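Reviewing the structure listed below.
Numbering (this note's numbering), first residue to last: 72 to 199.
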C-alpha cells in the first residue's frame, strides 16, 4: 500500500489516495495514476520506520510540490517563519520551548504558553 498525491496545474496537492506499491506489477504507478508518490511516515526527509523517505514530507491537501527540491512543502504558517532547505519544514525565528504547551504569537515574535484548564473533580450530573 502506497500513498499518492494529485497535483493541480500550480503543483498544489488537491487529493491524496492509497494505491499500489511500486514493486507490484511491471508498471510505473506514478505515471499510471498521474500522481506523485508520498510517504505517510516521512517528515523532514526522514522515514520514521527506517524505510525510504519520499519527497521530504507527507503530502497533505494544500501542500506544494517543489520540483527542484523534489519535496512536498506545507503552506507557510506565519510570515516570520523560514523554510529549512534541508528538511523543507517551516521554522520559527525562536526555537520551540522544551517544556510546556505553546502557540506562536506572530505579533510579538515569541511562543506564548497555552493555559490548560484544570479538570473538574465533580461528577457530571445526568438527566434521568
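By construction, the Cβ of each residue, glycine as well, lies at the ideal position given by its N, Cα and C atoms.
None of these values were measured; they are calculated from a predicted model.
- Shown here, residue 100 sits in a helix according to DSSP, grouped into three states.
- Taking the Cα positions, residue 191 is about 38 Å away from residue 146.
- By the C-beta density criterion, residue 150 is exposed, having fewer than 16 other C-beta atoms within 10 angstroms.
- Around the Cβ of residue 136, a 10 Å sphere holds 16 or more other Cβ atoms; the residue is buried.
- Remark: C-beta atoms of residue 116 and residue 178 do not approach each other more closely than 8 Å.
- Beta-bridge pairing by DSSP links residue 87 to 76.
- If you ignore the 5 residues before and after residue 98, its C-beta comes within less than 8 Å of the C-beta of 91, all in its own chain and listed in chain order.
- With a cutoff of 8 Å on beta-carbon distance, residue 114 and residue 128 are scored as near each other.
- Following the DSSP letters along the chain, one finds residue 109 inside the beta strand (DSSP E) bounded by residues 107 to 109.
- Taking the CA atoms as reference points, residue 74 sits about 6 Å from residue 110.
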